[in-house]
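Chemist: Sending over a structure as structure tokens; questions will come in a sec.
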Amino acid sequence: VANNGDPYAWWYGQIMSYALRFNNSTLQKIDKFKVARGYEHPIVGVHIRRRDKSIEAAYHAVDEYMFHVEEFYSKLSLDKTVTTKRVFLATDEPKVMDEVERK
2 VANNGDPYAW WYGQIMSYAL RFNNSTLQKI DKFKVARGYE HPIVGVHIRR
52 RDKSIEAAYH AVDEYMFHVE EFYSKLSLDK TVTTKRVFLA TDEPKVMDEV
102 ERK
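Residue numbers (the numbering used here): 2 to 104.
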């Protein structure tokens with residue numbers, strides 16, 4: 002706690018992590034979902050919002066997101082061999098999917 006600039010936020014995070022933890026049934030459903038879709042590690046999750054956040058948040062190009070994906074995999078490859086770079090994309094704009102696939 003001493004190394005945190007806002008100890009109340011740290012404690013709140015600890016309480017919420019405990020209160021919102023998954024039970025065994027939910028964890029099993031998540032595992033089945035991942036197996037059914039062929040999820041393998043490592044995988045990077047990227048959430049690109051275009052429609053509902055366009056008014057209240059700054060626009061970020063796909064290249065900005067992909068820069069961080071590449072940075073993650075570059076650091077990871079220092080410790081282990083990465084044969085496939087996987088990205089899980091969540092978005093509200095179908096055109097983003099095409100753009101990410103081109104990157």
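Backbone N, C-alpha and C define an ideal beta-carbon position, used for all residues, glycine too. A quick note: this is a predicted structure, and the numbers were derived from the prediction, not measured.
Who are the Cβ neighbours of VAL45 in its own chain at under 6 angstroms, not counting the five residues just before and after it?
Modeler: Counted from its first residue, the sequence shown places residue 45 at position 44. The answer, listed in chain order, is VAL70, PHE73, VAL88.
Chemist: For LEU90, collect the residues of the same chain with a Cβ closer than 6 angstroms to its Cβ; drop the 5 residues on either side in sequence, then sort them by chain order.
Modeler: Numbered from 1 along the sequence shown, position 89 holds the residue referred to as residue 90. Counting only Cβ-Cβ distances below 6 angstroms, and skipping sequence neighbours, we find VAL47, VAL101.
Chemist: With a CB to CB cut of under 7 angstroms and the five nearest residues on each side skipped, what residues in its chain are close to ASP93?
Modeler: In the sequence shown, the residue the question calls residue 93 occupies position 92. Excluding positions up to five away in sequence, the list reads ARG50, ARG51, ARG52, ASP53.
Chemist: Between which two residues does the beta strand (DSSP E) holding ALA91 run?
Modeler: Mapped onto the sequence shown, residue 91 falls at position 90. 87 to 92 is the extent of the beta strand (DSSP E) around ALA91.
Chemist: Go to HIS48, then tell me how far its beta strand (DSSP E) extends in each direction, as first and last residue.
Modeler: Residue numbering aside, residue 48 sits at position 47 when the sequence shown is read from its first letter. It spans 44 to 49 - the beta strand (DSSP E) in which HIS48 sits, taken as one unbroken run.
Chemist: If contacts are defined as beta-carbon pairs under 8 angstroms, then VAL63 and VAL97 qualify, I think. What distance do you get, rounded to the angstrom?
Modeler: Stepping through the sequence shown from its first residue, residue 63 is reached at position 62. Stepping through the sequence shown from its first residue, residue 97 is reached at position 96. Indeed they touch by this definition, with Cβ atoms about 7 angstroms apart.
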